[in-house]
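Going down the list, the protein sequences come from chains G and Y.
Throughout the first sequence, residue numbering follows the numbering used here, covering 131 to 434 in sequence.
Throughout the second sequence, residue numbering follows the numbering used here, covering 26 to 302 in sequence.
Step one of this worksheet: look at the structure below.
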Amino acid sequence: MRIVRRLCAWIFGILMVHLLAFLMMRTTRGGPFDSARALDPIVQRALEQRYGLDQPLLVQYGHALSGLIRGDFGPSLRYRDTQVSTLLADALPISLILGGGALLIALLIGIPAGLYCARRARSFDGKFLHAGGALLLALPNFVLAGLLLAIFSFQLGWLPPAGLGGVRNFLLPWLCLGLPLSAQILLLVRSKAKQALCSDSVRHATAEGLPPRIIVRRYVLRPSLGPVIAFLGPASAAILTGSLVIEKVFALPGLGTFFVQAALSRDYTLALGVTVVYTALLGLCTLLADLLMARMDPRLEAVS
Amino acid sequence: MKSTRGQKVAWGFLILLSVAALLAPWLPIADFRLMNADARLQPPQWTAAPVLGTDAEGRDLLARVLWGARISLAVGFFGTLVAMLIGIPYGALAGFLGGRWDRIQMRFADALESIPMVVFVLFLLSILQEYRADLAVIGFGRLQLFFLAVGVLFWLPTARVARAEALRLRKQPFVQAAIAGGMKRSAILWRHILPNMLPALRVMLLLTVPRVILMEAFLSFLGLGVEPPAVSWGGLANDGLAAMNPLVDSIWLMLVPSIALGLTLLALQKVANSADD
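Set out below in structure tokens:
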């Protein structure tokens with residue numbers, strides 16, 4: 131029942147976003163066919179007719195809505211002879227690989243590092259890691275990208291600086307997107323794990339002579355995962371925001387690149403398509419994170 | 026409240042930076058807009074004339090970083106202020122009124138949270154480019170728009186904190202007494218709830234400022250930040266990134282503004298932690 135309600139809310143959210151984005155774009159003064167040189171009025175009219183921009187707003191919205199249901203966002207206004215859905219279908223996998231990989235890196239680095247930091251909170255390396263995490267959070271994404279580029283691409287020449295190719299091309303973008311998140315996860319895990327390390331259960335298990343590896347896994351890791359799962363929703367939003375930047379730095383033809391271009395060049399249909407896909411993705415991620423959280427901690431389900 | 030040495034250093038750094046930023050027009054530094062074709066891409070000299078070097082147009086980087094501090098700090102401060110002005114009344118009302126109002130308001134907030142707000146703000150900023158002339162008439166430049174955009178982006182966490190505080194305060198005896206005594210609800214909000222929320226909101230303020238400054242850097246990168254000749258740290262770091270290539274060594278162009286940005290954000294974090302304890 132709960133899942134059905136959440137799914138309905140998800141669909142409703144997509145529809146609202148679609149409507150809002152539609153209205154925002156159609157009510158602005160500048161049209162997509164503005165250019166430095168004024169177009170012949172006849173040409174202008176023909177163009178608007180071709181793309182249905184001359185019809186009443188309500189009719190246009192009806193078309194957009196039926197298109198949305200069929201997954202068809204019409205032709206792109208800037209990329210000639212190309213359907214928005216084709217562009218999206220090409221761009222989506224790239225963005226998904228980028229975002230998914232970054233999330234994986236964030237978790238794989240953040241959780242162990244956080245546990246390590248908590249266990250060695252008083253010694254030098256624990257403090258060093260903690261400070262490093264704080265520093266990562268204090269830098270914009272693209273500065274990290276610039277630093278990694280300077281080291282690994284320009285100085286050492288190990289990794290390609292831009293473009294699309296094999297896995298090697300994704301390594302730097304994954305790191306740039308994932309490392310700040312892993313710093314955030316490190317801080318979350320660290321504070322929770324520090325509490326857990328002082329708990330009675332850990333003291334008891336130590337007294338019983340359990341090896342530290344098992345103690346950490348059973349009594350420290352588990353309670354520390356709660357905040358991490360709660361963070362997955364905001365993390366996917368952060369990945370989405372960050373991917374706009376990282377895709378541009380590394381010249382990856384993903385959704386973010388298309389969105390920025392579309393927003394700047396007023397390619398209405400493309401921008402609308404990307405916005406809807408983004409909303410759907412983000413909604414799905416928060417939904418999954420919430421369900422996972424309820425699964426982990428049944429008390430939450432009872433509340434909501 | 027006792028602050029540690031680190032926190033004192035952080036406060037000192039922030040105050041020094043703010044004073045330097047405020048006084049930038051009167052400090053004995055080069056003009057940040059002055060291009061000099063003979064002194065392009067000079068690395069930092071540390072003790073001699075271009076202390077922090079020059080950029081690709083021969084402009085003095087120290088001056089640019091100080092002038093950038095003006096914009097970045099102003100954006101951080103005013104953007105946060107807007108976020109607070111939206112978030113506090115919203116959250117305080119929800120928490121204080123409770124019941125159905127609270128539920129509706131929080132549902133709305135939840136719905137907003139699952140929407141990619143950044144995408145909308147980018148849209149809004151690019152659409153508002155169309156209306157620049159009209160907005161300029163009523164005194165709205167890129168910077169003011171920016172404050173608004175940031176406020177729209179960051180009010181939600183503030184609203185949540187304000188709501189939690191209002192919920193907590195509503196149960197306190199002195200508020201209950203005021204309600205029982207027949208005090209007007211608006212007066213209770215103003216006299217009892219708001220002043221007692223301030224400590225929690227101070228932490229929120231200090232936590233929001235760094236995020237707003239980072240957001241400015243983000244938008245500068247996408248070309249929607251402040252416009253030249255105005256400079257901001259995010260814009261400078263982005264220029265540094267753009268100037269970077271394997272053949273010419275110009276890494277300081279990115280490093281100098283980034284270090285300024287990083288140090289400021291770290292100091293803010295440190296100060297926020299001290300307010301938290």
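No residue lacks a Cβ here, since even glycine has one placed at the ideal position from N, Cα and C.
Assumed close pair residue i, residue j - CB separation to whole angstroms, cut-off 8 Å
i	j	result
Ile369(G)	Ala232(G)	6 Å
Leu187(G)	Asp397(G)	Not a contact, Cβ separation roughly 19 Å.
Ser373(G)	Gly386(G)	5 Å
Leu318(G)	Phe361(G)	6 Å
Arg320(G)	Cys247(G)	5 Å
Pro270(G)	Leu279(G)	Contact doesn't hold; Cβ gap of about 14 Å is too wide.
Val214(G)	Phe203(G)	4 Å
Ala313(G)	Leu266(G)	4 Å
Leu234(G)	Val406(G)	Not quite, the Cβ-Cβ distance comes to about 26 Å (not below 8 Å), so this is no contact.
Whole-angstrom distance between residue j and residue i, CA atom to CA atom
i	j	result
Leu52(Y)	Arg84(Y)	16 Å
Ala108(Y)	Thr233(Y)	9 Å
Gly259(Y)	Ser329(G)	44 Å
Gln201(Y)	Pro282(Y)	52 Å
Ala46(Y)	Leu91(Y)	6 Å
Leu147(Y)	Ile224(G)	21 Å
Tyr236(Y)	Leu421(G)	The question names Tyr, yet the displayed sequence has Arg at residue 236(Y). Rounded to the nearest angstrom, the two C-alpha atoms are 28 Å apart.
Phe145(Y)	Ala174(Y)	10 Å
Leu239(Y)	Ala337(G)	47 Å
Gln109(G)	Gln185(G)	Here chain G covers residues 131 to 434 and nothing more, so residue 109(G) does not appear.
Ile113(Y)	Leu170(Y)	21 Å
Ala184(Y)	Thr371(G)	22 Å
Leu286(G)	Arg348(G)	42 Å
Arg132(G)	Glu241(Y)	39 Å
Val433(G)	Ala424(G)	Bear in mind that a pLDDT of 49 at Val433(G), under 50, signals an unreliable position, so the number given afterwards is only what the model happens to contain. The alpha-carbon atoms of Val433(G) and Ala424(G) are separated by roughly 10 Å.
Ala189(Y)	Asn298(Y)	20 Å
Val162(Y)	Leu168(Y)	14 Å
Secondary structure of residue i, DSSP reduced to three states
i	result
Pro205(G)	strand
Thr216(G)	helix
Val147(G)	helix
Thr79(Y)	strand
Asp360(Y)	The shown model of chain Y, from 26 to 302, leaves out residue 360(Y), and the question about it has no answer.
Asp274(Y)	coil
Asp16(Y)	Residue numbering for chain Y in the displayed model covers 26 to 302; residue 16(Y) lies beyond these limits and cannot be assessed.
Asp302(Y)	Per-residue confidence for Asp302(Y) stands at a pLDDT of 48, beneath the threshold of 50, marking its modelled position as unreliable; no derived number is given.
Asp264(Y)	helix
Asp420(G)	helix
Asp170(G)	coil
Asp255(G)	helix
Asp85(Y)	strand
Ile129(Y)	helix
Arg48(Y)	Checking the displayed sequence, the identity of residue 48(Y) turns out to be Leu instead of Arg. Three-state DSSP puts Leu48(Y) in coil, outside helix and strand.
Ser312(G)	helix
Phe300(G)	helix
Val251(Y)	coil
Ala268(G)	coil
Cys415(G)	helix
Thr29(Y)	coil
Ser395(G)	helix
Chain-ordered chain G contacts of residue i [CB-CB under 9 Å]
i	result
Phe243(Y)	Pro270, Asn271, Phe272, Thr371, Gly372, Leu374, Val375
Pro235(Y)	Leu267, Ala268
Gly260(Y)	What Gly260(Y) touches in chain G: nothing, since even the nearest Cβ is about 11 Å away.
Leu86(Y)	Simply none; closest approach about 16 Å.
Phe246(Y)	Pro270, Asn271, Phe272, Leu374, Val375, Lys378, Val379
Closer than 7 Å at the beta carbon, the chain Y residues around residue i
i	result
Tyr349(G)	Those within 7 Å of Tyr349(G) in chain Y number zero; the least Cβ separation is about 27 Å.
Gly413(G)	Ser139
Tyr408(G)	Pro141, Val144
Val147(G)	Ile140
Gly280(G)	Residue 280(G) is actually Ala in this sequence, not Gly. Here the neighbours are Met269, Ile276.
Ala221(G)	Those within 7 Å of Ala221(G) in chain Y number zero; the least Cβ separation is about 14 Å.
Neighbouring residues, chain G, relative to residue i (Cβ below 8 Å)
i	result
Trp263(Y)	According to the sequence as given, residue 263(Y) is Asn; it is not Trp. Result: Phe272.
Leu291(Y)	Ala264, Leu265, Ala268
Within chain Y, partners of residue i - CB distance below 9 Å
i	result
Met154(G)	Phe145, Phe148, Leu149, Ile152
Phe194(G)	Just to set this straight, residue 194(G) is Ala in the shown sequence, not Phe. Going along chain Y, no residue has its Cβ under 9 Å from Ala194(G), so there is no contact; the nearest lies around 16 Å.
Gly143(G)	Ala136, Ser139, Ile140
Ala151(G)	Val144, Phe145, Phe148
Residue i Cβ short of 6 Å to the ligand NAD heavy atom set
i	result
Val200(Y)	This structure lacks the ligand NAD, and indeed carries no ligand of any kind.
CB contact below 7 Å: residue i versus chain B
i	result
Leu47(Y)	The structure shown contains no chain B; the protein chains it does contain are G and Y.
Subject >> Positions along the stretch 384 to 399 of chain G whose CB lies within less than 8 Å of some CB in chain Y >> reply: Phe389, Val390, Ala393, Leu394, Arg396
Subject >> Residues in the stretch 262 to 275 of chain G having any Cβ partner in chain Y nearer than 8 Å >> reply: Ala264, Leu265, Leu267, Ala268, Leu269, Pro270, Asn271, Phe272, Val273, Ala275
Original post:
In chain order, what residues of the stretch 274 to 286 of chain Y put their CB closer than 9 Å to some CB of chain G?
Top reply: Ile276, Met279, Leu280, Pro282, Ser283, Leu286
Subject >> Residues of the stretch 114 to 134 of chain Y with Cβ closer than 8 Å to any Cβ of chain G, in chain order >> reply: none
**OP:** Could you please tell me which residues of the stretch 171 to 204 of chain Y, in chain order, have their CB closer than 7 Å to any CB of chain G?
**Re:** none
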